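A.B. asks: Below you'll find the structure I mean.
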Amino acid sequence: MAEELYFIKTNPNIAKINLYNKLCREEEDIMKYLQADAKTSLEIIKNKVKDSVEDLTKDELLTIFSWFSNAYSSDHEEVKTQLFIHGIDLFYEIPPTGHAVNFLQILSDYEKHSQQRLNYLVNSQNFNQFVIYGIFLTEIFNREQGREHILSDYLKPNYQSLYTLAEAQLQSNALSADVSPELQHYFADLYDLTKFYKGSIIKLEH
C-alpha cells in the first residue's frame, strides 16, 4: 500500500515547453532512473510530454518525481517549485504517517458503493464528489467526539445523496479504515483546493 499520496494538477502547455526541453537537455541524467532500454523509454516520455503531460503513466510520472526529488534532495519546497515551473503542480500531499492507507481505503469503499471508479487521472468533478463524501463520512464519524462539522452542514443541502451514502456506510459497520481527525482535515483541505478547479487531477501513490 502507499506510504504517501500526492495530488497533482498539470499545465500541459508549460510542460510541453519547459519539461520537454529539460528532458532533452538532461537525457543522461534522467536515464539513470529508467529501467531496461532507457533510451527508448525516454523517447516515449518525451513524445507524451510534447503532446500532453497527462498522457504519462503512473510509473513514468513517478520516474520524473524521483529525478526531481534527487536533484533537489535537500529542499522539498524547491522540488515542488521546480515541478511547478515544469508544468506539474503538486498542490497537496498526505505524508507517510499511515493516513494514506486509510484515505485509500475510504476511496475504495466509495468506489464500491457509488459504482464509480476514480483512476490515477480523474476529472475534477468526480474527484470533488468523492472529497465531499469524505467530508461527510469523517465529520459524521467524529461528531460524537464533539468536533465541529460546519463544512458538512454547509454542503449537506446540495449533496444529500452523498450524505446518505456516507451515513449508510457508517451504519453498516463496513468501514475498514481508521477515521482519524487528520483525515477529516485532509478532506476539508482538498475540497478548498479543488472546488473551483475544472481540469484533471492526478492521484499518485508513492
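Note that UniProt numbering gives residue 95 to position 95 of the sequence shown, counting from 1, and the numbers run on in steps of one. Ideal placement from N, C-alpha and C gives every residue a C-beta, glycine not left out. Please read these numbers as outputs of a predicted model, since none were measured by experiment.
Under DSSP, the beta strand (DSSP E) around residue 57 begins and ends at which residues?
C.D. replies: Unbroken run through residue 57: none, as it is neither H nor E.
A.B. asks: Quick one: what's got a C-beta closer than 8 Å to residue 206's C-beta in the same chain, skipping five residues either side?
C.D. replies: The residues are 2, 3, 4, 5, 6, 62 and 65.
A.B. asks: I'd like to check one pair, residue 83 with residue 200: are the Cβ atoms closer than 8 Å?
C.D. replies: Their beta carbons are not under 8 Å apart, which means residue 200 does not touch residue 83 by this criterion.
A.B. asks: Report all residues from its chain with a CB closer than 7 Å to the CB of residue 129; omit the five preceding and five following residues, and keep chain order.
C.D. replies: Here the set comprises 162.
A.B. asks: Buried or exposed: where does residue 150 fall if 16 or more other Cβ atoms within 10 Å of its Cβ makes it buried?
C.D. replies: With fewer than 16 other Cβ atoms within 10 Å, it is exposed.
A.B. asks: CA-CA distance, residue 195 and residue 12?
C.D. replies: Rounded to the nearest angstrom, the two C-alpha atoms are 21 Å apart.
A.B. asks: Cα-Cα, which of 166, 95, 134 and 155 is closest to residue 76?
C.D. replies: Cα-wise, what sits closest to residue 76 is 95.
A.B. asks: Assign residue 73 to one of three DSSP states: helix, strand, or coil.
C.D. replies: Residue 73: coil per DSSP, three-state reduction.
A.B. asks: Looking at residue 199 and the ligand NAD, is the gap between the Cβ and the nearest heavy atom below 7 Å?
C.D. replies: Of ligands this structure carries none, so the ligand NAD is not represented either.
A.B. asks: Determine, using beta carbons only, whether residue 137 and residue 126 come nearer to each other than 8 Å.
C.D. replies: Contact: no.
A.B. asks: When the Cα of residue 114 is compared with those of 183, 102, 97 and 134, which residue comes out closest?
C.D. replies: The residue with the shortest Cα to Cα distance from residue 114 is 134.
A.B. asks: Taking C-beta to C-beta, are residue 132 and residue 170 nearer than 8 Å?
C.D. replies: Contact: no.
A.B. asks: What are the boundary residues of the beta strand (DSSP E) that residue 122 is part of?
C.D. replies: Where residue 122 is concerned, the enclosing beta strand (DSSP E) stretches over 121-123.
A.B. asks: Taking DSSP as the reference, what is the three-state secondary structure of residue 167?
C.D. replies: Helix, per DSSP.
A.B. asks: Take residue 71 as the anchor and find which of 106, 33, 59 and 54 has the nearest alpha-carbon.
C.D. replies: The shortest C-alpha separation from residue 71 is found at 33.
A.B. asks: Put residue 19 into one of helix, strand or coil per three-state DSSP.
C.D. replies: Here residue 19 sits in helix by DSSP.
A.B. asks: What's the C-alpha gap between residue 99 and residue 79?
C.D. replies: Distance between the alpha carbons of residue 99 and residue 79 is about 23 Å.
A.B. asks: According to the neighbour-count rule (16 or more other Cβ atoms, all chains shown, within 10 Å of its Cβ), is residue 21 buried or exposed?
C.D. replies: Exposed is the call here.
A.B. asks: Looking at the structure shown, is residue 1 part of a helix, part of a strand, or coil, going by DSSP?
C.D. replies: Its pLDDT being 45, under 50, residue 1 is placed unreliably by the model, and nothing is read from it.
A.B. asks: Do you know offhand how far residue 28's Cα is from residue 198's?
C.D. replies: For residue 28 and residue 198, the distance between alpha carbons rounds to 36 Å.
A.B. asks: Let me know if residue 15 comes out buried or exposed under the rule of 16 or more other beta-carbons within 10 Å of its beta-carbon.
C.D. replies: That one is buried.
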